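Taken in order, these protein sequences are the chains called A and B. Residues 25 to 196 (this note's numbering) make up the first sequence, in order. Residues 1082 to 1288 (this note's numbering) make up the second sequence, in order. Beta carbons: idealized from backbone N, C-alpha and C, even for Gly. Since we're looking at a predicted model, the values are computed, not measured. The next block holds one structure in the form of structure tokens; read it before the comments.
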Amino acid sequence: MPMKGRFPIRRTLEYLQKGDIVFKNRVKIMTVNYNTHGELSEGARKFVFFNIPQIQYKNQWVQVMMFKNMTPSPFLKFYLDDGEQVLVDVEGKDHKHISDHVRKILGKTEEVLQAEAQAKMQESNPANFGPRKYCLRECICEVDGQVPCPGTTALPKEMTGKYRTKMAAAQE
Amino acid sequence: MFQVIGGRSVQAARVLAPRSAVLVEAVRGRKSRTDPVAKSKVGRIKVPPPVDPVEMVVLKERYGEYQMIMRALRLEFKEEMLRKRYEEDTGSLAEERARQEAQEHRVLMDLNHLENQRMLKLRIVRVQMEKEEADRKKFEVILQREQEQQEIVKEKEKEILKLQEAAKNFITLENLDQRIEEALDNPKNYNFAIDKQGKVVKQTMLQ
């Protein structure tokens, strides 16, 4: 089955996961105003074409809106939690520069991202047993090579408590 | 006998031991109150299991201690979690962190502002240059147009002069007779001969 669109690589998971702009928790809305024609909007157009899917994939709870041909010069606007608006002028810039600039001013830094990943790993310790929602396994009987669940198959006589007590009593 | 179960525990029972198609957990009292007692149970006196008082005391004490310890541990852990959460949300460290973040944010916003200012300057310069370019072009076009106009005027003047020159040789009513006399006196021969090599011969015989 042929792929759809001009640069179908933009729709692959690998490409989307490579995106490195993760916004801080304060950013709620992102708006891009650009023009469909003109040399100065070229960088903004490329940014919208190539980088916006990655950004939206990594920030699923941020609203991203695009407005075309409403402005004489292209710009980005971010609306934060506390009502603050951040304006970024992108006239004549390259899409790589735009994405670097955005990551510098409003993106989570590498260290923060790594710390978050570590915290998540620590929360989910694979050695824990418990409800499915929080842990991998609920009981040791689920692991290959361990004694199967006595609820489904009967334990061998020697391992049952009543046999053992009977043997202990008989010995005394 | 067995407890009556309903609702979620039914589902649990179904999951745990779904051997038979029909889910039958023993429901208390198959017999109603009017049914007679079974033959095998006629003289039965139900006796609760014997309780050893000494053992009971010891067990009670031990169980009490055990349950107290377990409850204390559980509450301890709960409290620890709550305190951690509280510290994270509204502790001194959190305030410090918030302040730090606010400061960093300010710095980054200033950076962005500077960048915007720089772009603004560049844009102003560019717009200025474009405006000048447009003005110059307009000026040039106007000049061009004027030049063309002037050239046309010059051409027209030249033609007028030429015409004036030619007008000197026009035949008017005054010199009509004179010109007729002249024409009759000087017969003009328009005939000419040309050979294959292109040599033009104007001297021919007048007839």
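*Of all the beta strand (DSSP E) runs that stay within the bounds of the stretch 138 to 174 of chain A, which reach a length of 3 or more residues?*
Qualifying beta strand (DSSP E) stretches: none in this window.
*Going by DSSP, name the residue or residues bridged to Leu111 of chain A.*
Bridge partners of Leu111 of chain A: A:Lys101.
_Count Cβ pairs between the stretch 145 to 156 of chain A and the stretch 59 to 67 of chain A that sit closer than 8 Å; are there 3 or more?_
No contact exists between the stretch 145 to 156 of chain A and the stretch 59 to 67 of chain A.
_Suppose the cutoff is 7 Å on Cβ atoms and the five residues either side in sequence are ignored; what does the same chain contact list for Val171 of chain A look like?_
Excluding sequence neighbours, Val171 of chain A sits near Cys165.
*At 8 Å on the CB atoms, spell out the chain E contacts of Glu1196 of chain B, in chain order.*
Protein chains A and B are contained in the structure displayed, whereas chain E is not.
*Compute the beta-carbon to beta-carbon distance between Val86 of chain A and Lys128 of chain A, rounded to the nearest angstrom, for a pair I have assumed lies under 8 Å.*
That pair is no contact at about 17 Å.
_CB contact below 7 Å: Ile129 of chain A versus chain B_ = Taking 7 Å as the threshold, the shortest C-beta distance from Ile129 of chain A to chain B falls below it.
*Whole-angstrom distance between Pro77 of chain A and Lys117 of chain A, CA atom to CA atom*: Our two residues, Lys117 of chain A and Pro77 of chain A, have alpha carbons roughly 19 Å apart in a direct line.
*asked:* Using the three-state DSSP reduction, which class does Met1151 of chain B fall into: helix, strand or coil?
replied: Three-state DSSP puts Met1151 of chain B in a helix.
*Where Ser65 of chain A meets chain B, residues with beta-carbon distance less than 9 Å*: Ordered by position in chain B, no residue passes the 9 Å Cβ test against Ser65 of chain A, which lies about 13 Å from the chain.
*For Met89 of chain A, does the three-state DSSP call read helix, strand or coil?*
In this structure, Met89 of chain A counts as strand in the three-state DSSP scheme.
*asked:* Run through the DSSP bridge pairs and tell me what Met54 of chain A is partnered with.
replied: Answer is A:Val88, A:Phe102.
*contact_flag[the stretch 1225 to 1236 of chain B, the stretch 151 to 165 of chain A] where n(CB pairs < 8 Å) is 3 or more*: Taking one beta carbon from each stretch, the stretch 1225 to 1236 of chain B and the stretch 151 to 165 of chain A have fewer than 3 pairs nearer than 8 Å; the two do not touch.
*Going along chain A, which residues have a C-beta under 9 Å from Met1190 of chain B?*
Those within 9 Å of Met1190 of chain B in chain A are Glu108, Val110, Ile129.
*asked:* For a quick check, are the C-beta atoms of Leu100 of chain A and Val112 of chain A less than 7 Å apart?
replied: Yes, these two residues count as a Cβ contact at 7 Å.
*asked:* Strictly by DSSP, which residues pair up with Ala1274 of chain B?
replied: For Ala1274 of chain B, DSSP records a beta bridge to B:Val1282.
_Straight-line Cα distance separating Lys120 of chain A from Pro26 of chain A_ = Approximately 29 Å, taken between the alpha carbons.
*asked:* Please report whether the beta-carbon of Met1149 of chain B lies at a distance below 7 Å from any beta-carbon of chain A.
replied: Not an interface residue.
*Under 8 Å between beta-carbons, which chain B residues line up against Ser97 of chain A? List them in chain order, please.*
By Cβ distance, chain B contributes Arg1204.
*Quick one: Cα of Lys1237 of chain B to Cα of Asn93 of chain A, how far?*
Approximately 51 Å, taken between the alpha carbons.
*Would you mind stating whether Lys132 of chain A and Lys48 of chain A have Cβ atoms separated by less than 7 Å?*
Taking 7 Å as the Cβ cut-off, Lys132 of chain A and Lys48 of chain A qualify as a contacting pair.
*Run through DSSP, which three-state label would Phe31 of chain A get?*
DSSP places Phe31 of chain A in coil when its eight states are reduced to three.
*asked:* Please report whether the beta-carbon of Met1210 of chain B lies at a distance below 7 Å from any beta-carbon of chain A.
replied: Residue-level contact check: Met1210 of chain B does not touch chain A, since none of the beta carbons of chain A fall below 7 Å from its beta carbon.
*Reduced DSSP category for Phe47 of chain A - H, G, I as helix; E, B as strand; rest coil*: Of the three classes helix, strand and coil, the one that applies to Phe47 of chain A here is strand, per DSSP.
*Quick one: Cα of Val1123 of chain B to Cα of Glu182 of chain A, how far?*
Approximately 39 Å between the Cα atoms of the pair.
*Relative to the C-alpha of Phe102 of chain A, which residue among A:Val126, A:Ala68, A:Lys82, A:Asn75 is closest?*
Looking at A:Val126, A:Ala68, A:Lys82, A:Asn75, the one whose alpha-carbon comes closest to that of Phe102 of chain A is A:Val126.
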